[in-house]
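Position in the sequence shown counted from 1, then plus 19, gives you our numbering.
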Amino acid sequence: MLEQIPSYLLPVFSALLWALSAPLINQGVRGLPAAMGRSGILLGLFVSCWSGALCLSAFVWLNGIPFAFNGALFLAGILTFPLATATYYLASISFKNHTEIASQFAKSKPLITLPIAYLLLGEPVEQGLWLSIPLIVVGVGIFLVQSMRGDTALKPVVFGLLAAVFWALGEIFMKLGLTENSPLADTYAALLSGALGISCYLPFFLGPVIQQRSAIGTWLWPFCAHGIISFGFAYVFFFSSLAEYGVMKTVVINSFWPVLALVITALINRLRRLPNEVPVYVWWAGLFLCSGSALQFVYLL
20 MLEQIPSYLL
30 PVFSALLWAL
40 SAPLINQGVR
50 GLPAAMGRSG
60 ILLGLFVSCW
70 SGALCLSAFV
80 WLNGIPFAFN
90 GALFLAGILT
100 FPLATATYYL
110 ASISFKNHTE
120 IASQFAKSKP
130 LITLPIAYLL
140 LGEPVEQGLW
150 LSIPLIVVGV
160 GIFLVQSMRG
170 DTALKPVVFG
180 LLAAVFWALG
190 EIFMKLGLTE
200 NSPLADTYAA
210 LLSGALGISC
220 YLPFFLGPVI
230 QQRSAIGTWL
240 WPFCAHGIIS
250 FGFAYVFFFS
260 SLAEYGVMKT
270 VVINSFWPVL
280 ALVITALINR
290 LRRLPNEVPV
300 YVWWAGLFLC
310 SGSALQFVYL
320 L
């Protein structure tokens with residue numbers, strides 16, 4: 020199925036799916052029962068990981084697709100799914116009514132991934148990247164500078180930056196862990212590793228969840244959908260793009276997804292007649308991010 024998709028669309032599809040899943044994350048985090056505390060976050064993450072893993076299981080096992088684990092894919096799964104996503108959720112909760120601020124720090128991921136890909140993976144900075152990377156850096160820089168202005172507590176900032184670090188390292192290990200199997204199989208191995216990883220935390224949050232079992236309800240559905248769309252399908256396209264183009268080009272092209280997520284969220288809020296104010300700096304940052312992504316996309320055509 021993936022072979023029928025033009026390769027230059029692979030990173031774009033991953034970005035689109037991540038953007039579409041962003042409102043689901045917001046809805047899920049807002050719906051967390053206060054009585055559950057952080058146990059609710061871990062339960063939501065548990066549901067996300069296993070929803071995506073079980074969805075990919077259907078494709079892998081029913082179609083007899085071979086897959087294999089290795090150390091790099093295991094680390095990619097642990098860093099990306101339990102660790103990065105959990106710290107992102109915690110950053111959002113720590114900012115209380117300002118979850119949009121927490122997400123800005125996660126946008127610093129390209130600033131970490133790109134130099135690591137150059138220094139450790141030896142990926143060349145080709146002609147298109149020389150023009151795209153500065154645009155991405157300026158866009159991310161606008162987000163970070165504006166987000167850190169004002170009275171910002173240290174803890175949520177640390178959580179947000181940790182999420183960016185975990186995601187960046189996860190992407191490097193994804194590239195290192197690619198096997199001769201299909202990208203779907205490699206995604207499945209990494210995601211299953213992440214699902215098993217979050218399962219190790221069950222003893223730490225299962226007790227409070229059982230005590231508050233009456234609070235378990237429809238608020239978990241956004242986490243389930245997020246796991247299928249983002250952890251499952253989006254990362255299949257992302258792995259495919261890593262195999263085809265490497266880390267640098269893939270990360271540069273799909274750097275525009277946070278901006279698209281803001282636009283989608285704004286449209287949803289408008290349709291629901293909810294207040295939604297997007298600061299001017301977001302549009303400026305988005306202009307640079309989208310320009311960098313579009314420029315690299317053109318070079319792939």
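Ideal Cβ positions, reconstructed from N, Cα and C, are used throughout, including at glycine.
Keep in mind the model is a prediction, meaning the values are calculated, not measured.
With C-beta atoms as the reference, is A182 less than 9 angstroms away from G196? Against a cut-off of 9 angstroms, the Cβ pair of G196 and A182 comes out as no contact.
Excluding the five sequence neighbours on either side, which residues of its own chain have a C-beta within less than 7 angstroms of the C-beta of F250, listed in chain order? Only S67, C68, G71, F100, L210 meet the Cβ criterion.
Report buried or exposed for W302, applying the criterion of at least 16 other Cβ atoms within 10 angstroms of its Cβ. Under this definition W302 is an exposed residue.
Quick one: which unbroken alpha helix (DSSP H) runs of 4-plus residues sit fully inside the segment 46 to 95? Chain order, please. Fully enclosed alpha helix (DSSP H) runs of 4 or longer: 57 to 81.
Count Cβ pairs between the segment 48 to 55 and the segment 71 to 88 that sit closer than 8 angstroms; are there 3 or more? By the C-beta criterion, the segment 48 to 55 is judged not to be in contact with the segment 71 to 88, since fewer than 3 inter-stretch pairs fall below 8 angstroms.
Exposure label - S233; buried when at least 16 CB within 10 Å: Exposed, because fewer than 16 other Cβ atoms sit within 10 Å of the Cβ of S233.
Nearest-angstrom Cβ-Cβ length linking F307 and L154, presumed shorter than 8 angstroms: That belief holds up - the Cβ atoms of F307 and L154 are roughly 5 angstroms apart, short of 8 angstroms.
Using 8 angstroms for Cβ pairs, my map puts V271 next to I152. What's the rounded Cβ distance? About 7 angstroms; that satisfies the 8 angstroms criterion.
R168 (DSSP reduced to helix, strand or coil): R168 falls in the coil class under three-state DSSP.
Quick check: the segment 138 to 147 against the segment 73 to 84, are at least 3 beta-carbon pairs closer than 8 angstroms? Cβ pair count under 8 angstroms is below three, so no.
In three-state terms, what does DSSP make of N116? With a pLDDT of 44 at N116, under the threshold of 50, the modelled position of this residue cannot be trusted; read the value that follows with caution. Three-state result, N116: coil.
According to the neighbour-count rule (16 or more other Cβ atoms, all chains shown, within 10 Å of its Cβ), is G141 buried or exposed? Counting the other CB atoms within 10 Å of its CB gives G141 a total below 16, which places it among the exposed residues.
Run the CB neighbour count on A77, radius 10 Å, all protein chains shown included, and call it buried at 16 or more, exposed below. By the 10 Å Cβ count, A77 comes out exposed.
Please state the DSSP three-state secondary structure of L181. Helix, per DSSP.
Integer Cβ distance of F178 from S113, believed to fall under 8 angstroms: The pair is a contact, with the Cβ atoms about 6 angstroms apart (cut-off 8 angstroms).
Could you give the C-beta distance for F257 and S33, rounded to a whole number, given that I count them as a contact under 8 angstroms? Rounded, the Cβ-Cβ distance is 4 angstroms, consistent with contact.
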